[in-house]
Ligand code: GLN
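In my numbering, the protein residues as written are 2 to 545.
Pasting the structure below:
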């Protein structure tokens, strides 16, 4: 049940896409948290995929994974990194999922003969998603994906309009994120696109309470007045979201503009005490005055679209901050290493990461990068596919089994990495079939792992029992454990039943670790992930 005191903040976007609604929502949550409020963030995506799991990273960037195994929009990563609140399957929904539920209910006869319509059946399902599975939060921030005016977004706007009507305007706030473009030839900041976007929202019966305006410079008094008057928003609720050089500056920037005070004022919540933003100040100070650089090569496939590696990018930054360094990240397309020697790209880097991935393209280059890091004693972290490739590299180049590969794309290989069709989750058996559905059927979410003492990973974590998030279909084949050991690679982390290799290391190397899970998903600026901290520490030791 919803706490009758829980307040809902709906964040919509106008004018253009890519204004950073996710970051804006996460930052607003962070400053409300800094005032001692309990917050939760939710994302509603109007597209028709059931989840983003089957989409190419070029479509929507990284697929974020929650502990409970939901494949979700990458904005949930921002939410977790900024608020520290672990997201769940109840925090991310798409139109595909909403329609699937409605149609399932219809097939079960739950609507008792009614004609099924967008209003009320789809909108009720959206309202249910927003209002259910809450835990006494002070504020629930719901971000509506897309831009106001999109056909797909209309049921969401109708649903949040109804929630405001039902709960009352003192429990709901509408925040509209827009853009104030600066036209150099006119020397002016333009408010018209925002006015049009607000008119569009008003057509749907939504009156924004706050305009959060992306702008390159402070909003001149005249423009602020114009926006307030024409958009029907209090002048002090026209907030400038100025460009900043680092995303972790956003919460402080919003607080400076008075965004949290405006929210408190809207809800009639006292805000006499200032927000405690000291942890954000500390992070920004460390980012601004590093003790030097550390260069990290990320050898992957989607290097042209950094959104595809969003969490990884942030986790590397967190690891660098913890070591008081600036991360000089070199995104290297692995296919380049298939045309030229790895040395050209890797000879002067301090560490190498091969991240997760799917499919054969670029794998030969990844294997070359791993070979170079292994032979030249460069600290190396292989993540998921990167770990699988590291195992294949050792089997091919150290054990001499040229045919070693993964059955993901080489069905007749020596299957050191193979399709896993049965495993345990929370005491229950999970069963998959080779020709089953692709969506939502990988080994997903948090799984426990036991580490061997005296390993690099155990040293980094400071414990032997860990839990990390997974998203993969193939597994390193445990039957090769002895062959791997003989080739200098040890499986030092396993699932509790000992069947699934989770972490491999090379004891003959200063820091060579491969992990089947995605550590980057849990790293936060205030709680940098131990593996990234340790990788960068090893990189700095080698540099000395
Ligand atoms: N393609 C590999 C698998 O499915 C690795 C996936 C990943 O890196 N996330 O097992």
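Beta carbons: idealized from backbone N, C-alpha and C, even for Gly.
Just so it is clear, the structure is predicted and the values come from calculations on it, not from any experiment.
- Here residue 191 carries a coil assignment [DSSP, helix/strand/coil].
- Taking residue 39 as reference, the option from 527, 6 and 253 with the minimal CA-CA separation is 6.
- The alpha-carbon separation between residue 17 and residue 385 amounts to approximately 35 Å.
- Residue 383 and residue 355 do touch by the CB rule: their CB atoms are close to 5 Å apart, below 8 Å.
- Remark: the C-beta of residue 389 is in contact range of the ligand GLN, defined as less than 7 Å to any heavy atom.
- In this structure residue 434 is exposed. Its beta-carbon is surrounded by fewer than 16 other beta-carbon atoms within 10 angstroms.
- Beta-carbon to beta-carbon, residue 218 and residue 240 are separated by about 14 Å, too far to satisfy the 8 Å threshold.
- Not one heavy atom of the ligand GLN lies closer than 7 Å to the C-beta of residue 518.
- Exposed is the label assigned to residue 432, since fewer than 16 other Cβ atoms lie within 10 Å of its Cβ.
- The three-state secondary structure of residue 390, taken from DSSP, is helix.
- Note that the stretch 510-524 touches the stretch 310-318; at least 3 beta-carbon pairs, one per stretch, sit closer than 8 Å.
- For residue 429, the secondary structure class from DSSP, reduced to helix, strand or coil, is strand.
- For a cut-off of 8 Å, the C-beta gap from residue 261 to residue 33 is around 6 Å, short enough to register as a contact.
- In the DSSP assignment, residue 56 falls outside any alpha helix (DSSP H), carrying neither H nor E.
- Shortest Cα-Cα distance from residue 292 to any of 273, 321 and 282 involves 321.
- Taking C-beta separations shorter than 8 Å and ignoring five residues to either side along the sequence, the partners of residue 390 in its chain run 355, 364, 367, 368, 371 and 383, following chain order.
- Residue range 93-95 is occupied by the beta strand (DSSP E) that includes residue 93.
- The beta carbon of residue 475 sits closer than 7 Å to at least one heavy atom of the ligand GLN.
- The stretch 526-543 makes contact with the stretch 293-313: 3 or more CB pairs, one atom from each, lie closer than 8 Å.
- In terms of Cβ geometry, residue 50 and residue 95 form a close pair [threshold 8 Å].
- Checking the DSSP bridge columns, you'll see residue 83 has no partner listed.
- Apart from sequence neighbours up to five positions away, the residues of its chain that approach residue 352 with a beta-carbon distance below 6 Å are 297, 380, 536 and 540, ordered along the chain.
- Distance from the C-beta of residue 414 to the nearest heavy atom of the ligand GLN is not below 7 Å.
- Between residue 479 and residue 497, the gap from beta carbon to beta carbon reaches 8 Å or more.
- DSSP, reduced to helix, strand and coil, places residue 448 within a strand of the structure shown.
- Counting the other CB atoms within 10 Å of its CB gives residue 429 a total below 16, which places it among the exposed residues.
- A direct Cα-to-Cα measurement between residue 513 and residue 69 gives close to 29 Å.
- For residue 13, the pairing in a beta bridge is given by DSSP as 177.
- Judged by DSSP in its simplified three-state form, residue 406 adopts strand.
- Residue 518 sits in coil when the DSSP states are folded into three classes, being neither helix nor strand.
- Shown here, residue 143 sits in a strand according to DSSP, grouped into three states.
- At a cut-off of 7 Å, the beta-carbon of residue 409 counts as near the ligand GLN: some heavy atom of the ligand is closer than that.
- The closest CA to that of residue 200, considering only 173, 150, 167 and 224, is found on 150.
- Rounded to the nearest angstrom, the gap between the Cα atoms of residue 284 and residue 79 is 16 Å.
- The residue from 138, 115, 92 and 148 with its alpha-carbon nearest to that of residue 127 is 92.
- For the pair residue 516 and residue 504, the CB atoms are nearer than the 8 Å cut-off.
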